[in-house]
Structures are given as structure tokens and as C-alpha cells.
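S.K.: Got a structure for you, questions after.
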Amino acid sequence: MWQHSHWPNSWFASFPKAQSQLIHYANECNTVEGNTTFYSLPDADAVARWADSVPSHFSFAFKFNQQITHVNRLQHCEDEIRQQLSLLAPLKHKLGVMLVQLPASFGPDKLAVLDTFLSLIPSSIYVAVEVRHLQFFAKSDAEKAFNQLLIKHKANRIIMDTRALFTGPITSEIVREVRGKKPKVPVNVIATGQKPVVRFVGNDNEADNTACLRPWVSKIHQWRVEGRSAYFFCHRPDNKDAPWLASLFINLYNEAYPDYSLPTLSMTKNPLQDNLF
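Residue 474 is where the sequence shown starts when you use this note's numbering, and the numbers rise one by one after that.
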């Protein structure tokens, strides 16, 4: 997401409010996870506006529509794939990676279906796949077969890290709600392609977030040194606070690797600062 009603008065406070939030967002970050395409496809005018609102180095990461992943379950969807990719084609190189989010019911018995689906994606399109069936996290033959399939297609495995979210007590109703929605799966770290994707979900305690982010600092650095373009998406129970989580990660990274520093975000007061003492 690139907009939130809270951000114009906090994160984007120094930017002209008349401008699109996407313009502000793209001045701060170099990628965005686009959930909107999962629920409905935009019209051509919207795609054109998106392309014109971001600099040339910006990368969109859009989800395949739910008709493809959850209704058709990757089968008999050649027309839908062509339609969505054609619609997003004006983004050109700004379309960084397409995200395939699969339901927990999509298990090892469907790997042949995934194989066929990935073969339908043009080689010019980078793809990342998120699975939630627990057999894909059991370090078993099923997980090995899944990873090998991704490597075969040069596809990336999406790594969902919700450890911070599920750490500690439930501190608010929104934390309770988000814990009920987000998967609690093992964090098996692997790069099967050139664009590994991490979806990190924190909680409302900065100490917990820091502890869970630190291992990612070294892993993201390793991937950068290897020449991979890692996507690291930060979420919080209330995503109005997500930019501060991203800023925390950047600061931790820059402290550890000052010679490879990442651009910092222009943040106001940390909303979690009051929780430190």
C-alpha cells in the first residue's frame, strides 16, 4: 500500500498535500506491495497514473488477482493471466515482481498445477510465490520439491515472517484481529531466484521488532552482495505505523553496514518511542 489517511499529517507532512500520496511514497521508498490487484483490476488510466507518479528506479510488486489464485486455483486461467499482465504492461521495467499468494489449502499435490502456471508467465516477468500449506515448511520432500520447482522457473519464494507479531501479549483489539488473520508459519529462509521477497509483520513493541529484524539485516546484506534485488516489505498491526518499522530496519542495516548504507526515510517522531520506557 502507498497511501494511508494518517500519513499526510505524519510521514508526508513536509510534502505538498495536493500531490498524490504515491508521489510522496515514491520519494521515500523504492518499492511497494500492491494488494489492490488481488481484489480488483485497475483501469488503464490508473496504471498510466501510477507509471507517471514514480521515478524510473521504482518497482511495483503487484499480486495476481484472486480469480487466478483462489477461484481458479491457477488452472484454466490463461486469459486472466494475459489480461492482467497486458493491463500492467505500461509500467514496463517499473513492474518489479508479480506476487502469487496461494491459500493454505494449496498443498504438495498441486505442485504440477503450479509448474504449469509458472510456465505460462513470460520470461521477462519476475514472479514470487507465497504458500501457506504447512507441508511446504516441514523441511520434507514436499518442501524440497517446491523449492526446486521455483528454481527451475527462476521464481522467488516469498518468506512470511510473523514472529514479532505473535511475540508477547495481545495489547490491543487490532493486534488480536491481525493475529487471527496472518499465518503463523516457520521462517525457512531461501533465495530461489534473483528477487527474494520478505513480508515482515511486526508488533507494537520496538524491542520485539528489533530482535526479529536483526537476523534480516545480515541476510539482506548477503543477498545484496550476491547481486540479488531483495524486496523487504514491512507491516504493523495498524499499517499507519509501518513506515516507522521500515525506518527501524534501515537504521539497523546502516549501523551494521555503513559502507553499504540504504537511503533513510524522513520520519517524524517514532510512535513507539513512548513504549520504550
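Here a beta-carbon is modelled for each residue, glycine too, at the ideal position from N, C-alpha and C. Note that the structure is a prediction, hence the values are computed from the model and not measured.
Apply the 10 Å Cβ neighbour rule to Ala562 and answer buried if 16 or more other Cβ atoms are within range, or exposed otherwise.
M.R.: Under this definition Ala562 is an exposed residue.
S.K.: Mapping the DSSP letters down to three states, classify Leu638 as helix, strand or coil.
M.R.: Three-state result, Leu638: coil.
S.K.: How big is the Cα-Cα spacing for Leu749 and His606?
M.R.: For Leu749, the predicted model reports a pLDDT of 33, less than 50, meaning its position is unreliable; a value from the coordinates is still stated below. Cα to Cα, Leu749 sits roughly 37 Å from His606.
S.K.: With distance defined between alpha-carbon atoms, name the residue in Gln539, Gln695 and Gly675 nearest to Val662.
M.R.: When only C-alpha atoms are compared, the closest one is Gln695.
S.K.: Which value, in whole angstroms, describes the spacing of the CA atoms of Trp475 and Ser720?
M.R.: Looking at the two C-alpha atoms, the distance is approximately 15 Å.
S.K.: Helix, strand or coil for Tyr704 per DSSP?
M.R.: Of the three classes helix, strand and coil, the one that applies to Tyr704 here is strand, per DSSP.
S.K.: For my contact list, Leu560 and Val520 are in at a C-beta cut-off of 8 Å; report their separation, rounded to the angstrom.
M.R.: Leu560 to Val520, Cβ: 6 Å. Contact.
S.K.: If you reduce the DSSP assignment to three classes, tell me which class Glu501 lands in.
M.R.: In the structure shown, Glu501 sits in a helix (DSSP, three-state: H, G or I).
S.K.: Can you list, in chain order, the residues of its chain whose CB lies under 6 Å from that of Gln667, leaving out five sequence neighbours each side?
M.R.: So the list reads Arg701, once near-sequence residues are dropped.
S.K.: Identify the continuous alpha helix (DSSP H) that holds Gly653 and give its terminal residues.
M.R.: Looking at the DSSP string, the run of the alpha helix (DSSP H) that includes Gly653 is Glu646 to Lys654.
S.K.: Roughly how many angstroms separate the alpha carbons of Gln746 and Ala680, rounded to a whole number?
M.R.: Residue placement at Gln746 is poorly supported in this model, since its pLDDT is 47, which falls under 50; the coordinates still yield a value, given next. Straight-line Cα distance between these residues: approximately 11 Å.
S.K.: Arg672 by DSSP, collapsed to three states: which one?
M.R.: Three-state DSSP puts Arg672 in a strand.
S.K.: Quick one: what's got a C-beta closer than 8 Å to Asn712's C-beta in the same chain, skipping five residues either side?
M.R.: Closer than 8 Å at the Cβ level, and outside the excluded window around Asn712, lie Met474 and His477.
S.K.: Using three-state DSSP, classify Leu735 as helix, strand or coil.
M.R.: It is coil, neither helix nor strand.
S.K.: Look up Ala601 in the DSSP assignment and say whether it is helix, strand or coil.
M.R.: Reduced to three states, the DSSP call for Ala601 is strand.
S.K.: In the DSSP assignment, what are the bridge partners of Lys536?
M.R.: BP columns for Lys536 point to Leu572.
S.K.: Distance, Cα to Cα, Phe590 vs Val573?
M.R.: Cα to Cα, the separation comes out at about 10 Å.
S.K.: Indicate whether Lys567 and Ser526 have their beta-carbon atoms separated by less than 8 Å.
M.R.: No.
S.K.: So, with DSSP's three-state summary, where would you put Ile723?
M.R.: Reduced to three states, the DSSP call for Ile723 is helix.
S.K.: Closer than 8 Å by C-beta to Ala618: which residues in its own chain qualify, once you throw out the five before and the five after it? Chain order, please.
M.R.: Pro581 and Leu584.
S.K.: Mind reading off the beta-carbon distance from Trp523 to Leu564? Whole number of angstroms is fine, and I expect it under 8 Å.
M.R.: Right, their Cβ atoms sit about 7 Å apart.
S.K.: What residue from Asn676, Phe579 and Gly569 has the CA that sits closest to Glu646's CA?
M.R.: Per the Cα distances, Asn676.
S.K.: Tell whether a beta-carbon distance below 8 Å holds between Phe706 and Arg672.
M.R.: Yes, they are a contact pair.
S.K.: Along the alpha helix (DSSP H) that carries Trp689, what are the first and last residues, could you check?
M.R.: Residues Glu679 to Val698.
S.K.: Suppose the cutoff is 7 Å on Cβ atoms and the five residues either side in sequence are ignored; what does the same chain contact list for Thr542 look like?
M.R.: Cβ within range, chain order: Val573, Gln574 and Leu575.
S.K.: Which whole-angstrom value describes the C-beta separation of Val670 and Ile723, a residue pair presumed to lie in contact below a C-beta threshold of 8 Å?
M.R.: Incorrect: roughly 18 Å between the Cβ atoms, too far for contact.
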